[in-house]
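Everything below concerns the one structure shown next.
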Amino acid sequence: MRLLPALLLLAAPLSAQSGGIVPPGTLWEKGFRAWDAGRYIEATDALRSLLVPGVARSWIDSVAVLTGERYETVELTPDGGRPTWSADGQTIAYESGLPASRVTRVVRRSAPTKALLEVVGSGAALSPSGSLVAWVAPSTMNRVPLGIKEVATGRELPITGLGEWLPTGATFGSDDATLFVVVSRASDATRNDILRLTRSGDAFAVQGIVAPTAGFKGVPVALPGGRFLVYPIPSGNPVRLPVGLAGLRAAVSFAIVDLQANTVRRIDGRAATISADGSMMAWVEGNLVVQGSVAMEENRLVAAPVAGGGAMTLYKGIRRIDAPALSPDGNRIAFQMMPVQDYELYTLDISPTANATPTRLTREIQHDVVPQWLNPTTVMAVMGEPRHRRSYLYDAETGARTRLFHNNTVRTIAPEYEWLPTPDGSAVLTVAERDGNTVSVERGLYLTELKRPVTREAVIARLDADRAGEVSLRDRGIASFAPIAAKVRAVTTQVDVGRVYGYEKALFDFDSKHISQPGNAKAIDYLLATYKSFGYDAQPQWFSPQGALGGKSANVLAVLKGTENPELVYVVSSHFDSRAEGPGADDNTSGTAALLEAARVMARHPQPATIVFASFTAEESGLLGSREYVRRAVADSLKLVGALNNDMLGWANDHHLDNTIRYSNPGIRDIQHAAAAQFSSMITYDALYYKSTDAAAYYEAYGDIVGGIGSYPVLGNPHYHMPHDILEVESHQLIAEASKTTVATLMLLASSPSRLKNLAVANGVATWTRSPEKGITGYLVTWGPADAPEKNRLRVTTPTARIPRLTAGMVVQVKAVNARGLMGWDWARFTVK
């Protein structure tokens with residue numbers, strides 16, 4: 001996937017070896033450049049040749065980072081979140097399951113896949129030694145709502161003195177014998193409190209309220225030494241705040257409790273942070289300043305000793321500042337600041353004689369955010385938009401960057417959502433969709449050990465798996481397109497980047513195309529006229545979305561009628577509206593321009609099935625245009641058998657022409673990979689992804705028939721949903737390549753049999769509904785174990801097949817084959833019970 005310039009520094013140059021052996025540096029350069037260009041088979045061959053026995057560790061590290069992870073990573077659970085560490089960094093607690101049935105599991109770092117303890121509830125807190133866990137049980141259980149158990153034995157310790165208090169969260173103090181619990185009373189909805197519980201013998205008892213102030217408090221953080229607590233002051237429901245330092249970062253103010261003096265000090269500052277040794281705290285303040293007739297917000301980065309003393313303003317200015325993080329000893333601070341249009345990371349020394357000018361750590365057009373110090377010289381941070389963030393390690397002195405987490409595959413992305421390092425920074429817990437599935441509610445929890453680099457053997461195994469996957473993808477793609485490849489190439493070569501730019505410029509000149517703005521109606525008129533200029537009888541699909549200027553807006557539809565199976569429909573769509581505050585050059589004039597050019601080059605090349613080019617309105621108002629189209633399609637009994645939806649595909653942050661296939665159907669996914677590889681210059685990645693997009697309406701009504709193209713990294717464009725999403729930030733060639741890929745995909749889909757329906761297997765006989773397409777010559781039936789479902793093959797001419805030696809767990813698959821020699825674009829599948 002996306003390359004790291006620092007890799008060239010990781011790999012120390014070696015001299016040529018004698019005896020005709022290719023020098024390691026030559027192999028590295030060949031592999032690196034091939035990987036950079038998206039020639040992954042060639043790249044894996046070169047890199048595999050580099051990793052001979054005895055190869056220097058620097059080469060292993062370089063190949064590991066280029067192709068995935070540098071450090072060993074293990075999956076704790078495929079469904080986990082809200083992890084926490086014990087203070088000694090040896091015990092982990094995490095939550096799993098749906099909210100209504102949430103459980104907390106406790107594991108040891110030394111055996112992270114083996115649960116030592118499981119309890120029903122959430123909000124877990126581990127004692128400093130990891131020997132105890134406290135949690136909040138759901139109110140539906142007939143038990144005391146706060147639980148404390150010994151991790152090793154599972155024995156629950158009794159609690160006395162809770163009375164009418166209702167616990168909502170807890171944290172241990174600086175020893176195993178003190179627990180602080182956030183509680184409320186049903187009789188008072190205006191405040192909550194923090195209780196101190198202490199252990200005596202085998203029981204915990206309430207000692208009284210700490211921080212007896214009005215209002216609400218979040219779950220506190222106990223600082224080393226046992227004297228201070230820090231808690232966030234939520235602006236709303238405190239239960240919604242995350243816990244630990246994440247809760248402090250999310251609050252707009254916080255308070256420090258001096259447990260010795262029994263005092264509470266409130267600080268009105270947001271994004272608070274505490275150094276690991278408990279000595280320093282920092283936060284961000286904002287005030288409105290007036291310069292002449294212009295009012296601006298001045299942001300200040302402030303730090304102060306926790307024990308008291310004067311606050312120091314480390315930096316102030318009108319640039320946006322957020323997410324400060326103190327080094328473990330409190331002597332340095334990292335933070336994110338927006339110099340122009342994206343967040344970058346900066347560091348500052350904290351001392352009376354320190355240089356007050358921030359040192360810039362990153363220079364990447366995507367947002368670099370949420371820094372955390374792992375040790376005095378290493379900062380961990382994440383890059384990108386919240387739906388596709390990726391974690392990196394930065395050398396705080398040089399800025400050198402190393403990828404931290406990946407799924408070690410070539411094509412599939414792995415969005416990350418939570419990151420929690422050990423107190424000493426030697427390991428990191430990551431919550432991620434490592435399999436690229438952004439649709440399911442489950443997210444995996446992973447442990448990366450930063451002192452355990454991956455072995456040479458593991459990297460070789462990774463390369464071998466990558467190569468096998470790429471060869472299979474290539475060969476299947478070539479075979480799929482072979483019968484019509486010449487016809488496809490004759491059409492895709494007509495795509496013209498100049499025309500693509502022309503569509504973009506025309507739409508851009510309408511300014512915002514939000515349904516509340518005049519540009520929406522102008523865009524509708526333009527789309528109608530443009531489709532008609534290609535020879536289509538384009539029609540508006542008027543409806544009345546709430547908030548539309550003039551009370552109405554319209555989808556614009558152009559139909560290319562099928563020559564053999566006109567009743568079967570494939571639709572390709574892009575929304576043309578934008579946010580109210582901007583023109584939306586990438587979101588989504590880019591998709592609209594690619595759609596228009598696809599419609600133009602295909603206008604005189606009808607396919608066997610019907611193709612609908614759909615320009616949707618009101619996506620930014622709640623996916624209203626796509627839902628209206630699908631509602632009418634269902635009402636009209638439209639036989640929609642496949643759908644592509646393209647959204648945000650024109651932004652490139654470097655020299656690559658690359659995008660992400662966002663799909664529900666793996667058959668369409670692989671066709672789009674093949675289409676891009678054979679008929680365009682675009683490199684493609686993929687994610688199971690359709691939620692919160694116009695593709696969702698197709699899936700909800702018609703099932704698993706969705707593909708399409710979006711940005712890579714997903715939503716990485718820092719101009720996303722901003723007024724500066726303008727034409728100048730677009731790669732017009734990338735849009736043209738996406739249009740070619742769309743054309744090739746449509747031609748294969750509309751020329752091939754659609755996925756068969758109603759496959760069933762009983763008593764060794766498979767049956768299915770006859771293919772609806774004309775010209776079907778037979779069916780290919782395969783069966784085998786789940787990891788090799790194509791192990792056995794059978795050709796039949798009728799929709800039934802007797803299959804020998806079927807056993808439970810085997811998978812049966814069927815595709816139709818037509819007279820062109822094209823097979824169905826996806827398997828119908830059945831797992832034998």
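Residues 1 to 833 (our numbering) are what the sequence shown spells out, left to right.
Note that the Cβ used here is the ideal one computed from N, Cα and C, for glycine as well.
8 Å contact criterion, which residue i and residue j should meet: CB distance rounded
| i | j | result |
| --- | --- | --- |
| residue 112 | residue 447 | 5 Å |
| residue 197 | residue 219 | Not confirmed; about 14 Å, so no contact. |
| residue 750 | residue 661 | Not confirmed; about 18 Å, so no contact. |
| residue 699 | residue 706 | 5 Å |
| residue 644 | residue 745 | 6 Å |
| residue 467 | residue 67 | With a Cβ gap of about 11 Å, residue 467 and residue 67 do not count as contacting. |
| residue 206 | residue 162 | 6 Å |
| residue 361 | residue 345 | 4 Å |
| residue 333 | residue 282 | 6 Å |
| residue 175 | residue 224 | Contact flag wrong, Cβ pair sits at about 11 Å. |
| residue 665 | residue 704 | 5 Å |
| residue 748 | residue 481 | 6 Å |
| residue 491 | residue 743 | 6 Å |
| residue 136 | residue 149 | With a Cβ gap of about 13 Å, residue 136 and residue 149 do not count as contacting. |
| residue 536 | residue 559 | 7 Å |
| residue 462 | residue 407 | Actually they do not touch by this definition, with Cβ atoms about 10 Å apart. |
| residue 734 | residue 649 | 7 Å |
| residue 684 | residue 676 | 4 Å |
Reduced DSSP category for residue i - H, G, I as helix; E, B as strand; rest coil
| i | result |
| --- | --- |
| residue 116 | strand |
| residue 570 | strand |
| residue 82 | strand |
| residue 453 | strand |
| residue 584 | coil |
| residue 298 | strand |
| residue 477 | helix |
| residue 833 | coil |
| residue 843 | Residue 843 lies beyond the range of the chain shown here (1 to 833); nothing can be said about it. |
| residue 247 | helix |
| residue 5 | For residue 5, the pLDDT reaches just 45, beneath the cut-off of 50, and the residue's location in the model is therefore unreliable, leaving the point undetermined. |
| residue 589 | helix |
| residue 279 | coil |
| residue 184 | strand |
| residue 304 | strand |
| residue 523 | helix |
| residue 654 | coil |
N-terminal and C-terminal residue of the beta strand (DSSP E) that residue i is part of
| i | result |
| --- | --- |
| residue 732 | Here residue 732 belongs to no beta strand (DSSP E); instead the alpha helix (DSSP H) covers 732–751. |
| residue 317 | 312–317 |
| residue 35 | Here residue 35 belongs to no beta strand (DSSP E); instead the alpha helix (DSSP H) covers 24–36. |
| residue 720 | No beta strand (DSSP E) holds residue 720; DSSP gives it neither H nor E. |
| residue 273 | 270–274 |
| residue 324 | 321–326 |
| residue 558 | 553–560 |
Enclosing alpha helix (DSSP H) for residue i [first to last residue]
| i | result |
| --- | --- |
| residue 678 | 666–679 |
| residue 48 | 40–50 |
| residue 58 | 57–67 |
| residue 579 | Segment: none, residue 579 is in no alpha helix (DSSP H) and carries neither H nor E. |
| residue 699 | 695–702 |
Beta bridge counterpart(s) of residue i as assigned by DSSP
| i | result |
| --- | --- |
| residue 103 | 96, 120 |
| residue 135 | 147 |
| residue 778 | 817 |
| residue 690 | Looking at the DSSP assignment, residue 690 forms no beta bridge with any residue, so it has no partner. |
| residue 639 | 568 |
| residue 229 | 222, 257 |
| residue 108 | 91, 111 |
| residue 802 | 765 |
| residue 660 | 685, 710 |
| residue 619 | In the DSSP output, where bridge partners are listed per residue, residue 619 has none listed. |
| residue 172 | 179 |
| residue 206 | 197 |
| residue 770 | Paired residues: none, contrary to the question. |
| residue 72 | 449 |
Give the list of continuous alpha helix (DSSP H) stretches no shorter than 4 residues that lie fully inside the region 328–392. none
Curious, which full-length alpha helix (DSSP H) runs of at least 4 residues does the region 470–519 contain? 485–492, 497–508
Jot down the residue ranges of each uninterrupted beta strand (DSSP E) in the region 398–460, minimum 3 residues, whole runs only, in chain order. 401–403, 416–421, 427–432, 444–453
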